[in-house]
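Numbering (this note's numbering), first residue to last: 2 to 456. A virtual CB, placed ideally from N, CA and C, is assigned to each residue, including glycine. Everything below concerns the one structure shown next.
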């Protein structure tokens with residue numbers, strides 16, 4: 002895929018992910034796979050559906066794909082059975098290699114789920130432990146103790162957060178680390194992947210994260226490590242020795258609840274705490290992964306109380322500091338509540354669905370926002386400064402060197418006129434219109450305006 006007009010080339014001073022925008026797919030759901038893996042059915046090649054949607058990803062001007070778990074598992078993908086082969090419900094390694102080649106031909110980077118904290122009970126090494134108990138040569142790959150499990154294994158073991166379908170790996174064991182690193186090398190060698198999203202990175206031993214980074218960067222100098230984190234100081238996991246980026250759950254919550262509560266102070270506080278001028282050293286030069294929804298949380302279109310707020314949420318997502326991500330189907334306003342089931346969040350989409358829904362107004366709006374994020378240095382690496390704030394209006398500036406971009410949101414159903422230091426010539430980046438401002442700006446109801454100061 003050709004670089005968008007004006008897009009900076011990644012070079013020595015910038016990694017590819019810094020001005021990227023992601024599409025996120027949960028493959029087992031998207032491809033319509035059976036809920037259970039019988040470990041005997043022949044591979045069916047469903048993973049080709051991901052390759053089929055590559056043109057749609059490009060049309061959204063998104064240049065990176067985060068794929069949820071794809072390797073052999075028992076049910077949902079986070080219960081790994083074998084890191085070395087594609088889940089048979091999706092196809093074969095060769096099928097997946099063809100998909101990766103198609104994505105790369107369009108300039109789309111590929112980040113896979115690295116589920117290294119735990120495995121499923123069907124993981125080949127744990128099966129050996131289940132069969133041979135304390136006599137298994139793999140018993141030290143896990144955290145076993147005397148006693149019994151709820152599955153009557155004859156021994157007790159640690160599961161992830163009390164879920165004993167997910168068996169914690171002993172990441173201090175050199176053999177375990179070697180096995181995982183060999184798997185990563187295989188993914189790079191066979192599929193040429195560009196990074197990993199580390200599942201529950203907040204649970205993973207920090208020493209292991211350091212060793213993983215030291216292993217991955219020589220494979221590809223710009224290999225991207227994204228850690229799943231929830232709250233706290235993200236610098237614990239995002240630094241020069243561990244992850245390049247982490248999931249920004251702090252702002253995730255504020256992005257929808259500020260709109261629902263008509264209280265923009267909430268999201269403004271989080272953004273100011275993370276990147277405001279008085280806190281500029283907190284995450285200076287770092288790029289957090291920002292999102293409105295994913296495979297674990299309710300769809301944004303189901304959460305928002307006011308339908309007109311949906312486009313405003315995306316405007317904020319693509320203009321705030323960070324690496325924005327769109328969860329598959331949400332560009333069409335797909336619905337789904339966590340309270341219903343995880344399956345409700347992870348539906349299948351056919352090629353007919355993609356063709357019929359792909360050009361909707363929201364998808365076209367996201368495409369415009371994405372091209373701005375990827376081509377305007379002020380948006381993908383500029384400093385952040387809050388300009389003005391009320392409960393229902395939010396104004397901020399992104400600045401890089403001489404480039405200044407002003408973002409103004411009015412989440413109210415009434416027009417609003419803001420007064421401030423807005424003098425001179427400005428270009429509306431969404432419409433291309435030129436405006437001469439003399440200290441005030443009038444916003445229509447439910448609107449987002451993105452203005453670039455003209456030289």
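> Is residue 424 helix, strand or coil when you go by DSSP?
Replying inline: strand
> Okay, do the segment 338-357 and the segment 274-293 touch, 3+ Cβ pairs below 8 Å being the bar?
Replying inline: no
> Using the C-alpha atoms, what's the distance from residue 149 back to residue 269?
Replying inline: 50 Å
> Cβ atoms of residue 110 and residue 21: under 8 Å apart, would you say?
Replying inline: yes
> In terms of residues, what are the limits of the alpha helix (DSSP H) holding residue 1?
Replying inline: Because the chain spans 2 through 456 in this model, residue 1 falls outside it and cannot be assessed.
>> Using only the alpha-carbon positions, how far apart do residue 249 and residue 426 sit?
In response: 34 Å
>> Mapping the DSSP letters down to three states, classify residue 18 as helix, strand or coil.
In response: helix
>> Going by C-alpha to C-alpha distance, which of 83, 385, 99, 318 sits closest to residue 122?
In response: 83
> How about the segment 327-343 and the segment 384-399: do they share at least three Cβ pairs that are nearer than 8 Å?
Replying inline: no
>> Please report the distance separating the alpha-carbon of residue 485 from that of residue 277.
In response: There is simply no residue 485 to check, as the chain begins at 2 and stops at 456 in what is shown.
>> Helix, strand or coil, according to DSSP, for residue 436 in the structure here?
In response: strand
> Can you name the start and end residues of the alpha helix (DSSP H) that residue 72 belongs to?
Replying inline: Not the alpha helix (DSSP H): residue 72 falls in the beta strand (DSSP E), residues 72-74.
> Contact between the segment 127-135 and the segment 206-223: three or more CB pairs below 8 Å?
Replying inline: no
> How long is the line joining the alpha carbons of residue 159 and residue 36, rounded to whole angstroms?
Replying inline: 25 Å
> Counting along the chain, where does the alpha helix (DSSP H) carrying residue 315 start and finish?
Replying inline: 310-320
>> I'd like the list of long-range same chain contacts for residue 370, defined as Cβ closer than 7 Å, with 5 residues on each side in sequence excluded.
In response: 315, 316, 319
>> Considering Cα atoms alone, identify which of 367, 226, 204 is closest to residue 233.
In response: 204
> In this structure, does DSSP put residue 248 in helix, strand or coil?
Replying inline: strand
>> Is the separation between the beta-carbon of residue 387 and that of residue 273 shorter than 8 Å?
In response: yes
> If you count every other CB in all the chains shown that lies within 10 Å of the CB of residue 471, and 16 or more means buried, which is it?
Replying inline: Residue 471 lies beyond the stretch modelled for the chain, which goes from 2 to 456, so this question has no answer here.
> Is the segment 66-76 close to the segment 21-30, with three or more CB pairs under 8 Å?
Replying inline: yes
> Per the contact definition of three or more C-beta pairs closer than 8 Å, is the segment 96-110 in contact with the segment 37-48?
Replying inline: yes
> Since residue 283 is in the beta strand (DSSP E), which residue starts that stretch and which ends it?
Replying inline: Counting along the chain, residue 283 falls outside any beta strand (DSSP E), and DSSP gives it neither H nor E.
> Can you check whether the CB of residue 406 is closer than 8 Å to the CB of residue 353?
Replying inline: no
> Is it right to say residue 424 is buried, meaning 16 or more other beta carbons lie within 10 angstroms of its own, or is it exposed?
Replying inline: exposed
> Alpha carbon to alpha carbon, how far is residue 76 from residue 157?
Replying inline: 22 Å
> Under a three-way DSSP split, which group does residue 84 fall into?
Replying inline: strand
> Smallest Cα separation from residue 227: which of 363, 325, 103, 378?
Replying inline: 325
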